[in-house]
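Working notes, beginning with the structure itself.
In our numbering, the protein residues as written are 219 to 385.
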């Protein structure tokens, strides 16, 4: 009985403390940025190590990429590179919000959002993440985004109010 308890505790602690995973940031030949869990086929690659934060404010400030100054006519991507869709400003803000909440989740690589909506500076998204006991867990998350920049302290307040983090 004691051995089973020790083994079970060891499994729980190893799963709980495991790193969340790595994501590759790929810059394609046409300048588009794609995030994926596999190595980049070509172009510039940067590996991002996603781990849940143990302390608020220890993560980087999330800032959107600077928009292109002039729109460029869409050209088909070279062979072997995936087609890239241009995101709306609402989707870009939702990506920032999801990135902020990923550090709170046990499986960020299989997490995604739906239903982005914005009321003044408060952006809300529905986050879908795998449940440890099977299935998908869906919960609404809110972020404070002003002029394209995520406000860390107000987003933390929204996360507390939404039950994402304890008070």
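Just so you know, even glycine gets a beta-carbon here, dropped at the ideal spot from N, CA and C.
Everything numeric in this text was worked out from a predicted model, so none of it was measured.
Residue 360, buried or exposed, once every other Cβ within 10 Å from all chains shown has been counted against 16: buried
Beta strand (DSSP E) runs wholly inside the segment 299-362, at least 3 long, in chain order: 330-337, 340-348
Cβ shell of residue 312 (< 8 Å), same chain only, five flanking positions each side left out: 331, 334, 341, 343
Measure the C-alpha to C-alpha separation of residue 256 and residue 329 and round it to an integer number of angstroms. 16 Å
Considering only their Cβ atoms, is the gap separating residue 316 from residue 345 smaller than 9 Å? yes
Tell me, please, whether the CB atom of residue 298 is closer than 9 Å to any CB atom in chain B? No chain B is present in this structure, which holds just one protein chain.
Chain-order list of residues whose beta-carbon lies under 6 Å from that of residue 355 (same chain, five-residue window excluded): 347, 349
Exposed or buried, which one is residue 373 when buried takes at least 16 other CB atoms within 10 Å? buried
With DSSP as the reference, identify every bridge partner of residue 364, one or two as the case may be. 367
Simplified DSSP state of residue 382, which is helix, strand or coil: coil
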